[in-house]
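What follows is a short report on a single structure.
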Amino acid sequence: MKAVVWQDVGRVGVETVPDPQLLQPTDAIVRVTKTAICGSDLHLLDGYVPSMVHGDIVGHEFMGEVVEVGPEVRRVKVGDRVIVPFPIACGKCWYCEKGLTSLCDNSNPNPGLAEKLWGYSPAGLYGYSHITGGYAGGQAQFARTVYADANLYKVPDGLTDEQVLFLTDILPTGFMGAEHCQIEPGDVVAVFGCGPVGLFGIASAFLLGAERVIAIDRFPERLEMARTYGAETINYEEENVFELLKEKTGGRGPDSVMDAVGLEAQAHGFLGVADAVKQTTRVLESDRPHALRAAIMACRKGGTVSVPGVYGGLADKIPVGAFMNKGLTMKTGQTHVHRYLDRLTGYIERGEIDPTRIITHRLTLDEAPHAYHIFKHKHDGCIKCVLDPWADPRDHEPAPAPQAQG
Amino acid sequence: MTRRDTGPRAQSAQNASPSERVLFGGIGAGLIALSLRQRGPSGLLLATTGALLVAGAATGQSLGAAATGVRRTEDDHIKVQKAVTIGKDPQELYAFWRNFENLPRFMDHLESVKVQDGDGQRSHWVAKAPAGTSVEWDAELTADEPGRRIAWRSLEGATVPNEGEVEFRPAPGDRGTEIHVSLTYRPPGGTLGATVARLLGEDPNVQIEQDLRRLKRLLEVGHIPTTEGQSSGRKGVMNAEAKMYDNRRTS
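Top to bottom, those sequences are chains A and B. Residues -3 to 402 (the working numbering) make up the first sequence, in order. Residues 237 to 487 (the working numbering) make up the second sequence, in order.
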């Protein structure tokens, strides 16, 4: 089959690799009908998530049709049309039973690395480095999925692939980011970053009762998209974000602030350059925390900072004094995708959220390297790329005789 | 680098000597410098290792002791204590463990355990030893409190005299059961033998921790998760690199 593999820092390629096999009785094989590139895939591309190996299949936003199930799979059937949540739940441990599936105790086969870096290991993730398990990802024509009964989510026939694809990650991630804002009636929410997660965070904040949402970015097309979701916007290259947020909230500051940017934030001035230099070493600082710093500073006293943006290691000069003395709360984590699926599918069915609006590029799997490039550099107004692994008519020809596997 | 202190200092978080800190900090800084000239994964690897060394030096954690460190009792036995919480009843976990023949299902270094009498007072153990050899011994049950505690010890004449104890304590709330394991053994070749074994990757601390995790996964989920055999575009040395990350040296 064809799959997108990580080849080196700054390079992904489409390679022909062996088709996936069932390895355990609870596995299922999915024929991938749509897959997407996530902003967090760019952290892999740029080499900020360690333990990637040349040849690892990437991708954690994918859906498709179940074509094979292991003997212990009961609920999922061949032919089911499913989305695959990016964190892997065993479905049995204390965390999974509590709905905290991204913290599953049992799904990371190689928890040693994560324990070294983070103390304890969260769940295994698809296509996201060996720290989170080394599972092959879903930017491919087929994918092996594990603990099928606890993970694969059957989607309603009436919804298109594009409508449900983002249930795998970014839609629940934006929603959990908004839920973490602990919104109460009358609240003003600020959202740093108007990428896909930030945009869904804006939409979710309104669904959860926010009075106003103020969104911050620097790309005009992303700010425009944020306005179509109902947000007021600030271009941080043109304005003083802190002062403007203060002024727009009557001097109070936003009640909650979401960092939907993560570890590769952009910033100007001395601290921005210092962080960029330090991060290049991968050692002095692995993460550039500008958005997090700004979120902590901007948040009103007693407010909440919600962090759906991804961080991996260590960061410098976090204003802990502001965090402590203003009595802030921080809520964060990889998304517990599973527990939001029924609710979010309902929003989509009723037309209360239209996830397809963020899609700017529909490409083939073969075009993945180009897609990564335009997504990373925000060329051509790129906000979200969806890839079709079966777009090439030649992929539908009868399979050639099996080749020796090297 | 072998440390003999068994007092409170041995348990202190800061256990590196000043010279050790300078030495490892220096090596770490060197690796970082080297990594800046290496593109790609090998550069990342060097940098990561360097960062760990520098971090160890900065926080006073002895990397020598961390790499080979093991607690030792007064009479130069090695003692390992680990705990895991499993979402099952104490009675169920006790019953599983009380049948010693189940132990090789999650204890990687055990080849087999055969119970030699009806009630499991005596058993015969075969364990993997370095360089593809094996060691065998007979053991007897020394304590048996159903649902709470089991203890055993090797009989006179064992090559590797050892004893073990496992306690099953109800965890708070709905968290299941805490399993607390304590193993003591006298390695062949004494301290030197233990050090060599640890340098060869047979650290008993890591082994027992991995064993207990396998037990948890076996009992909670039914099997151990794996990625072995999945498809990838890796070839040759890349597979070795992935294996190194995947920390599968004991399998």
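By construction, the Cβ of each residue, glycine as well, lies at the ideal position given by its N, Cα and C atoms.
Around the CB of Thr341 (chain A), 16 or more other CB atoms lie within 10 Å, so the residue is classed as buried. Going by DSSP, Ala387 (chain B) is part of the beta strand (DSSP E) stretching over Arg385 to Ser390. In the DSSP assignment, Phe404 (chain B) falls within the beta strand (DSSP E) that extends over Asn398 to Pro406. Only exposed fits Val316 (chain A), as fewer than 16 other CB atoms lie within 10 angstroms of its CB. At a cut-off of 8 Å, the C-beta of Asn147 (chain A) has no neighbouring C-beta in chain B. Cβ neighbours of Asp312 (chain A) within its own chain (closer than 6 Å, five residues either side excluded): Glu281. Within chain B, the residues whose beta carbon sits less than 9 Å from that of Ile53 (chain A) are Gln466, Ser467, Ser468 and Gly469, listed in sequence order. Flagged as an interface residue toward chain A: Arg411 (chain B), by a C-beta distance shorter than 8 Å. Per DSSP, the unbroken alpha helix (DSSP H) holding Lys242 (chain A) starts and ends at Val237 to Lys244. With a cutoff of 8 Å on beta-carbon distance, Ile322 (chain B) and Thr420 (chain B) are scored as not near each other.
Chain B places no beta carbon closer than 8 Å to that of Arg390 (chain A), leaving this residue out of the contacts. For Asp482 (chain B), the nearest CB of chain A lies under 8 Å from its own CB, placing it at the interface with that chain. Here Met59 (chain A) is bridged, per DSSP, to A:Lys30 and A:Ile79.
Taking a contact to require three or more Cβ pairs closer than 8 Å, the stretch 130 to 141 of chain A and the stretch 53 to 64 of chain A qualify as touching.
At a cut-off of 8 Å between C-beta atoms, Asp15 (chain A) counts as an interface residue with respect to chain B.
Here the C-alpha atom of Ile230 (chain A) lies approximately 35 Å from the C-alpha atom of Leu361 (chain A).
By DSSP's assignment, Gln317 (chain B) forms a beta bridge with B:Ser418. Interface annotation, Lys(-2) (chain A): not in contact with chain B, CB-CB separation never under 8 Å. Arg140 (chain A) has a beta carbon lying within less than 8 Å of a beta carbon in chain B.
Residues of chain A with a Cβ closer than 7 Å to the Cβ of His459 (chain B) are, in chain order, Gln20.
The Cβ neighbour count for Ala379 (chain B), taken over all protein chains shown within 10 Å, is under 16; the residue is labelled exposed. Runs of the beta strand (DSSP E) lying entirely within the stretch 60 to 140 of chain A, each at least 3 residues long, are 77 to 80 in chain order. Across the structure, His459 (chain B) and Pro16 (chain A) are spaced so that their CA atoms are roughly 20 Å apart. Put simply, the CB of Ala319 (chain B) is far from chain A, with every gap to its CB atoms at 8 Å or more. Listed as beta-bridge partners of Thr229 (chain A) by DSSP are A:Ala211.
Across the structure, Thr22 (chain A) and Val10 (chain A) are spaced so that their CA atoms are roughly 28 Å apart.
In the three-state DSSP reduction, Leu340 (chain A) falls in the helix class (H, G or I). Taking a cut-off of 8 Å on C-beta distances, the stretch 265 to 276 of chain A does not touch the stretch 290 to 300 of chain A, as fewer than three cross pairs fall below it.
If you look at Leu359 (chain A), you'll find it in the beta strand (DSSP E) that goes His357 to Thr360. Residue environment for His392 (chain A): exposed (fewer than 16 other C-beta atoms within 10 angstroms of its C-beta).
In terms of beta-carbon proximity, Arg453 (chain B) lines the interface with chain A, with at least one pair separated by less than 8 Å. For His126 (chain A), the C-beta contacts it makes with chain B under 8 Å involve Ala478, Tyr481 and Asp482, in order along the chain. Counting only runs that start and end inside the stretch 271 to 307 of chain A, the alpha helix (DSSP H) elements of at least 4 residues fall at 286 to 294.
For the set B:His416, B:Val362, B:Gly393 and B:Pro408, the Cα lying nearest the Cα of Ala387 (chain B) is the one of B:His416. Approximately 15 Å separates the beta-carbon atoms of Phe332 (chain B) and Ser359 (chain B); this is outside 8 Å, ruling out the contact. The criterion of a C-beta distance shorter than 8 Å is satisfied by Asn106 (chain A) and Asp482 (chain B).
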